[in-house]
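Chains as they are written, first to last, in the working numbering: chain A, 16 to 281; chain B, 16 to 281; chain C, 16 to 281.
The beta-carbon is built from N, C-alpha and C at its ideal position, and this holds for glycine as well.
Remarks on the structure that follows.
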Amino acid sequence: MARSQLVTLLTDFGSRDGYVGAVKGAILSVCPRAQIIDISHDVPAHDILAGALGLSAAAPCFPPDTLHVVIIDPTVGTDRKILVGRFGRHVYLFPDNGVITFIVDRFPAESLNVVLPPAPVVGRPGSMTFHGRDVFAPIAGRILLGQDIRKFGPQPASYTLLDIPAPTQDETRITGQVIHVDRFGNLVTNIPAAAVMQKWPNVEAVRATCAGRDAGRFAATYAFVAEAAPLVLFDSSGRVELAVNRGRACDSLAADVGAPVILRAG
Amino acid sequence: MARSQLVTLLTDFGSRDGYVGAVKGAILSVCPRAQIIDISHDVPAHDILAGALGLSAAAPCFPPDTLHVVIIDPTVGTDRKILVGRFGRHVYLFPDNGVITFIVDRFPAESLNVVLPPAPVVGRPGSMTFHGRDVFAPIAGRILLGQDIRKFGPQPASYTLLDIPAPTQDETRITGQVIHVDRFGNLVTNIPAAAVMQKWPNVEAVRATCAGRDAGRFAATYAFVAEAAPLVLFDSSGRVELAVNRGRACDSLAADVGAPVILRAG
Amino acid sequence: MARSQLVTLLTDFGSRDGYVGAVKGAILSVCPRAQIIDISHDVPAHDILAGALGLSAAAPCFPPDTLHVVIIDPTVGTDRKILVGRFGRHVYLFPDNGVITFIVDRFPAESLNVVLPPAPVVGRPGSMTFHGRDVFAPIAGRILLGQDIRKFGPQPASYTLLDIPAPTQDETRITGQVIHVDRFGNLVTNIPAAAVMQKWPNVEAVRATCAGRDAGRFAATYAFVAEAAPLVLFDSSGRVELAVNRGRACDSLAADVGAPVILRAG
Chain A
16 MARSQLVTLL TDFGSRDGYV GAVKGAILSV CPRAQIIDIS HDVPAHDILA GALGLSAAAP
76 CFPPDTLHVV IIDPTVGTDR KILVGRFGRH VYLFPDNGVI TFIVDRFPAE SLNVVLPPAP
136 VVGRPGSMTF HGRDVFAPIA GRILLGQDIR KFGPQPASYT LLDIPAPTQD ETRITGQVIH
196 VDRFGNLVTN IPAAAVMQKW PNVEAVRATC AGRDAGRFAA TYAFVAEAAP LVLFDSSGRV
256 ELAVNRGRAC DSLAADVGAP VILRAG
Chain B
16 MARSQLVTLL TDFGSRDGYV GAVKGAILSV CPRAQIIDIS HDVPAHDILA GALGLSAAAP
76 CFPPDTLHVV IIDPTVGTDR KILVGRFGRH VYLFPDNGVI TFIVDRFPAE SLNVVLPPAP
136 VVGRPGSMTF HGRDVFAPIA GRILLGQDIR KFGPQPASYT LLDIPAPTQD ETRITGQVIH
196 VDRFGNLVTN IPAAAVMQKW PNVEAVRATC AGRDAGRFAA TYAFVAEAAP LVLFDSSGRV
256 ELAVNRGRAC DSLAADVGAP VILRAG
Chain C
16 MARSQLVTLL TDFGSRDGYV GAVKGAILSV CPRAQIIDIS HDVPAHDILA GALGLSAAAP
76 CFPPDTLHVV IIDPTVGTDR KILVGRFGRH VYLFPDNGVI TFIVDRFPAE SLNVVLPPAP
136 VVGRPGSMTF HGRDVFAPIA GRILLGQDIR KFGPQPASYT LLDIPAPTQD ETRITGQVIH
196 VDRFGNLVTN IPAAAVMQKW PNVEAVRATC AGRDAGRFAA TYAFVAEAAP LVLFDSSGRV
256 ELAVNRGRAC DSLAADVGAP VILRAG
C-alpha cells in the first residue's frame, strides 16, 4: 500500500448534509495526500444489498492497491465488527454486515482482520453514531500511510454474507427475482448470464416474464428494440437485466426488488 | 495534452449505483495520475439537450487542454459513433448524438475523429451496454497519457447537432421557448441575450409572458424584485431566463421545457 | 496558505446543471494544482441554516489551512458583502448572510475582511447572478496561490449571524425545537448535549416529546432500540437529535423544522 494513496468512498450518507465532507476531512487530516474518489453516497439509507451491488460494480475497476471504504452501517455503535481485508488486488474497510458479499464471490480473501479502534473518548458526543468520521476515516488514513492491515486486530472467527436467494431451474425455465432497481429503472436480477448461456446457447429464443407480465426477449443493447419496448439483456456485471428502451422497466412492469422473473424458451 | 491530467465527467448515470465509480476506476487504471472532476452525473436520463447545456456552461471554464468526457448515450452499443475532437482550448470525447451542439456554437472544431475502439471481446457481458466503462474510460486514459487524438480513427463525414428551435422576431416581439428547467426551477430559454439587447437597448421597458402568464420584467439579479415575484434576466450563459426570487418559476408559471415565451415592450 | 491547495465547496447549486462544474473549472483555471473536495451541493435551495449546519459539521474535520468556499447566496448580485476570514485553523470565503454562524460559535475570527472583487464588466451577462463562477472562484484561486487574505479589502464594520432561537429551561423541562432534518429523516434540535448532561447527569431518566408526540428516551446509538422505535441521542455535532431506528423520525413524528421538542425527566 505504500505508494497508492487512492481511496474510494461508498456510503448511504446522502449529499445534503455535512457527513460526507466530515469523513473526507478526517481522512485528509491523517493522510493529506489521499486521493479521494466518490463511488456513491446515494445508496438508499440502510440498504446493504444495494451497497454490495454498487461496490462490486465499481471497486474491481480501480488500480491495484486502491483502498475501498464502505460505510453503510445501520448498526453503527453496536458490537458489530469493523473489518479490513485484502480481496484480490484491493483493500476493503467495511462493517461486518454483508456488504462485501459480491466481492467475496469473485475475489477470495487474502487477509481479513477485525479493526480494533482506539477506545472511544467517554462522553464525547457522536462517538457512538458517526464511526464514519471517528473510526473508519482515521483507520483509512493510517492504511493509506502504509500501516499493515493485518495488525489492526485479530482474524475474525467468521464474517457476514448476505443471503441472496439463488435462482432455480427446471427443464424449461430459469426462475429468479429482481434484486435491484438502478437509476434508469432497469431491473437487475439474481440470474447469472452464465447460467442462461449454458442452458440456451441461442438466447434469442428466450422470453422473459416479470411478475406475470411480458418482459420481452434478449437484445444486445437497449436501442435494438423500439422505443418504450421491453428487452432482456446481460448487464455490465454479468447478470440478467430487464429494461425498457428509453423508459423505466420498474414502471412499465410495475416491479420492484423481490418481483419474480421467469426465463423460458418459446 | 502531455502535461494536463485533468479530466471532467458529465453523465446521466445518477449517483445511486456503481456506474460512475466504475468509469472513474477504469480511467485511473489506465492513467493513475488522472485528476477526475465531476461536472454532473444527474443529467436527467437520456436527456441530450440538458447534457449539452450543462457541458457548455461548465467545460469552457476549465484550464487549457482539459479533457471533457461526456457519457449521455441512449443508443449505446448501436452503430452510433464515438467522437473525439478539439474545440477551442479543450478536448472532448462524446457520443455522436448532438451533446456537443453548444460547444460547436462557440468553438470551431480544430480536429474531429471517430474513435475506433478495440474489437469487443465476444461474449463478454456488458461490452454492449456499458461503453462508459469499456470504451470511453480506456480511451480517456490513453488521451491523458498523451496519445494523439487524431490517430484514434478517421474524420467523420458528418456529425450530429441538436435541432434547437430558433426564436422568432417581429416588430414588437421576440418569441422563443423554454429549453431547460434548472435546479432552482429557473426557466432557461432559447432567446439569446444579445438579440434582446440589440432590439431593446433599454431592457427595462420589456415585459415577458410564459404560456400566457405574466413573467415579469428584467432585473439585474433575483433579489432586486420582491420575494416570490417573477423576473426576467440574462443568465450566466448569455440566454434569457425566467425566474422567481427565492421561488421556483417552473411552479409559479406552471411551465416546463417547450413552453412558449414572449418578450415585448410595454 | 502557501503549501495547502486544499479547497472545499459547499453550495446549493444541486448536481443536475453545469453550475458546480463551472465553479470548479474557474478555480482550476487560476490555480491548476487546487485539490477540490465537495462537501455538498445539495443543500436545499436558498437554505442558509442548512448550509451553516453542514459547514460546521464538515469543515473543522479538514487539515489546517484548508480553504472552505461557501456559495449559498440567495441575494447574489445585491450589495450583500462577500467575506474572507480565518476562523481557527481554516480559511472561509462566504457571503455575509449568516452561513458562518456555527463556525463563529466555536472558532473566533482571527481575521475578517470584505472581498472587493474587480469591477464587473458592464453588460457581461451573468456577472450579476453567478458570483460563484465570476467572483468566488477566482478569489479562491488567488487565495490558494498564496495571496494574503487580509489584503482583499477592509474589515467589515459588522457581519451577519443567524438568529437561532435558544432553548429554554425551567425546573423540570428543556424546551427547544427542530432546526434541521437530515438525509436519514433524523431531527436535529437546537438543544446542546451539554445542557442536557448538566441538568440530568443520568440521561436515561429523560423522555422526549416532539410536537406533542412521544419521541422516546435516550440511547447511545440507533440500533439499541427496536426497529421502527423512536430514540433520543446526542448527535455527532453535540446537539440533541430525535431518530427512529432504521426509520425516518420526520415521518413517524410528522415533524419538520420548527417543531417544538420538550425533554423532561420521568
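Cross-strand partners of residue i (DSSP beta bridge)
i                    : result
tyrosine 107(B)      : His83(B) and Gly100(B)
aspartate 53(B)      : Leu24(B)
proline 225(A)       : The sequence given here has cysteine at residue 225(A), not proline. Note: cysteine 225(A) sits in a beta bridge opposite Arg228(A) and Val276(A).
glycine 333(C)       : With chain C running from 16 to 281 in the structure shown, residue 333(C) is simply not present.
phenylalanine 249(B) : Val255(B)
threonine 183(C)     : Thr190(C)
alanine 124(C)       : Phe102(C)
proline 207(B)       : Arg254(B)
valine 119(A)        : None, per the DSSP bridge assignment.
leucine 202(A)       : Val196(A) and Leu257(A)
valine 129(A)        : Leu98(A)
phenylalanine 233(A) : Val247(A)
Under 8 Å by beta carbon: chain A residues contacting residue i
i                : result
aspartate 178(C) : Correct list: empty, because the minimum Cβ distance to chain A is about 21 Å.
serine 44(B)     : Cys76, Phe77 and Pro78
valine 276(B)    : Those within 8 Å of valine 276(B) in chain A number zero; the least Cβ separation is about 27 Å.
isoleucine 51(B) : Ile52
is_contact[residue i, chain B] using C-beta, thresh 8 Å
i                    : result
lysine 96(C)         : no
phenylalanine 199(C) : no
glycine 33(C)        : yes
isoleucine 236(A)    : Looking at the sequence provided, one finds threonine at residue 236(A) rather than isoleucine. Judged by the 8 Å Cβ criterion, threonine 236(A) is in contact with chain B.
alanine 37(C)        : yes
arginine 165(A)      : no
proline 153(C)       : no
arginine 261(A)      : yes
leucine 248(A)       : yes
Residue i versus the options, residue with shortest Cα-Cα distance
i                 : options                                       : result
arginine 263(B)   : Leu202(B), Arg279(B) and Ala274(B)            : Leu202(B)
arginine 165(B)   : Leu176(B), Leu177(B), Thr183(B) and Glu125(B) : Glu125(B)
proline 78(B)     : Pro153(C), Val114(C) and Thr23(C)             : Pro153(C)
threonine 93(A)   : Tyr237(C), Ser252(C), Gly281(C) and Arg261(C) : Tyr237(C)
cysteine 225(B)   : Phe233(B), Gln20(B), Val276(B) and Ser55(B)   : Val276(B)
alanine 304(A)    : Pro47(A), Thr26(A), Asn128(A) and Thr183(A)   : Nothing can be reported for residue 304(A), as the shown portion of chain A is limited to 16 through 281.
valine 240(A)     : Val255(A), Ala223(A), Val259(A) and Gly227(A) : Val259(A)
isoleucine 52(B)  : Val45(C), Ser44(C), Ala60(C) and Gly40(C)     : Gly40(C)
isoleucine 54(C)  : Val45(C), Gly29(C) and Thr190(C)              : Gly29(C)
glycine 103(B)    : Phe117(B), Leu24(B), Asn112(B) and Leu278(B)  : Phe117(B)
leucine 160(C)    : Asp149(C), Gln192(C) and Ala49(C)             : Ala49(C)
proline 216(C)    : Ala74(C), Pro59(C) and Arg279(C)              : Arg279(C)
asparagine 205(C) : Ile189(C), Lys214(C), Gln213(C) and Ala220(C) : Ile189(C)
isoleucine 87(B)  : Gln20(B), Glu186(B), Leu108(B) and Val193(B)  : Leu108(B)
CB contact below 8 Å: residue i versus chain A
i                 : result
glycine 66(B)     : no
alanine 60(C)     : no
methionine 16(C)  : In this prediction, methionine 16(C) has a pLDDT of 38, which is less than 50 and means its spatial position is unreliable; what the coordinates show is noted afterwards. Output row for methionine 16(C): interface = no.
valine 91(B)      : yes
valine 136(C)     : Any reading at valine 136(C) must be qualified, since the residue scores a pLDDT of 49, below 50, and its modelled position is unreliable; the value itself is stated next. No, valine 136(C) lies away from the interface with chain A (no Cβ there is under 8 Å from its Cβ).
methionine 143(B) : yes
proline 47(B)     : yes
Chain C residues whose Cβ lies nearer than 8 Å to that of residue i
i               : result
arginine 148(A) : Cys76 and Ser251
Chain C contact residues for residue i, given Cβ-Cβ distances below 9 Å
i               : result
histidine 56(B) : Ser30
glycine 69(B)   : Arg31, Asp32, Gly33, Tyr34 and Gly36
Beta-carbon neighbours of residue i, restricted to chain A and to distances below 9 Å
i               : result
threonine 23(C) : Gly36, Lys39 and Gly40
leucine 108(C)  : Result: empty, since nearest Cβ-Cβ is about 16 Å, beyond 9 Å.
C-beta neighbour in chain C for residue i, strict 8 Å
i               : result
arginine 104(B) : no
alanine 223(B)  : no
Contacts of residue i in chain C (Cβ-Cβ under 7 Å)
i               : result
arginine 121(B) : Near arginine 121(B) there are no residues of chain C at all, since even the closest Cβ is about 14 Å away, more than 7 Å.
Amino acids of chain B, ordered along the chain, whose beta-carbon sits closer than 8 Å to that of residue i
i               : result
arginine 101(A) : What arginine 101(A) touches in chain B: nothing, since even the nearest Cβ is about 17 Å away.
Partners in chain B for residue i, counting only beta-carbon separations shorter than 7 Å
i             : result
alanine 73(A) : Gly33, Gly36, Ala37 and Gly40
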